[in-house]
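If you want my numbering, it's the 1-based position in the sequence shown plus 39.
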Amino acid sequence: MQIVFTVNGKSVQVDVEPRLTLADCLRHKLGLTGTHVGCEQGVCGACTVILNGSAVRGCLVLAVQAEGADVRTVEGLSDGTTLSPLQAAFRKHHALQCGFCTPGMLMTAQALLETEPDADEARIREVISDNLCRCTGYLDIVEAIVEARAAYQDSRDERAG
């Protein structure tokens, strides 16, 4: 079955089987391997992508459900030469070790900061608690998101003019 949707700002047309997950479509059909697949049950958060503005588990969404949708993956965070403010903060704060959870953490944080740029540390901790990390202990991740938050607040203030 043919589906058409937008990925990181580009329209794509993909032939998929109805049972293919969005995560597998992104990885195997489109070559966007930044979306990691861990538990395949929606528990770990490694496969988190942004679908129509909301963070979702790519392993729980069927690719056919993305028909006509806007999907953003970790590959779409930077312009290819400059890290996004969130990525730069993760790097600065050493908010990754093995890196397996990092794409899902980044996309979860991105969705949060876009919708709630004033999220306090407690809210940040609450939202990322759905993403599992075995390496960092979360402290560096929280510090990175708190630092990046200022860039999203500035962006919001500029739009408000």
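The C-beta atom is built at its ideal place from N, Cα and C for all residues, glycine as well.
Spatial distance of residue i from residue j (CA atoms)
{"i": "residue 76", "j": "residue 67", "result": "12 Å"}
{"i": "residue 134", "j": "residue 148", "result": "12 Å"}
{"i": "residue 92", "j": "residue 107", "result": "13 Å"}
{"i": "residue 87", "j": "residue 115", "result": "13 Å"}
{"i": "residue 95", "j": "residue 131", "result": "26 Å"}
{"i": "residue 60", "j": "residue 144", "result": "20 Å"}
{"i": "residue 109", "j": "residue 49", "result": "9 Å"}
{"i": "residue 139", "j": "residue 100", "result": "20 Å"}
{"i": "residue 164", "j": "residue 181", "result": "7 Å"}
{"i": "residue 70", "j": "residue 176", "result": "30 Å"}
{"i": "residue 46", "j": "residue 192", "result": "25 Å"}
{"i": "residue 166", "j": "residue 56", "result": "32 Å"}
Pick from the options that is closest to residue i, judged by C-alpha positions
{"i": "residue 103", "options": "182, 41, 166 and 168", "result": "41"}
{"i": "residue 156", "options": "82, 83, 185 and 46", "result": "185"}
Residue i Cβ short of 8 Å to the ligand COA heavy atom set
{"i": "residue 100", "result": "The ligand COA is absent from the structure shown, which contains no ligands of any kind."}
Span of the beta strand (DSSP E) around residue i
{"i": "residue 44", "result": "41–46"}
Start and end residues, alpha helix (DSSP H) containing residue i
{"i": "residue 147", "result": "141–154"}
{"i": "residue 80", "result": "Careful: residue 80 lies outside any alpha helix (DSSP H) and carries neither H nor E."}
{"i": "residue 166", "result": "160–167"}
{"i": "residue 131", "result": "124–131"}
Beta bridge counterpart(s) of residue i as assigned by DSSP
{"i": "residue 111", "result": "89"}
{"i": "residue 101", "result": "60"}
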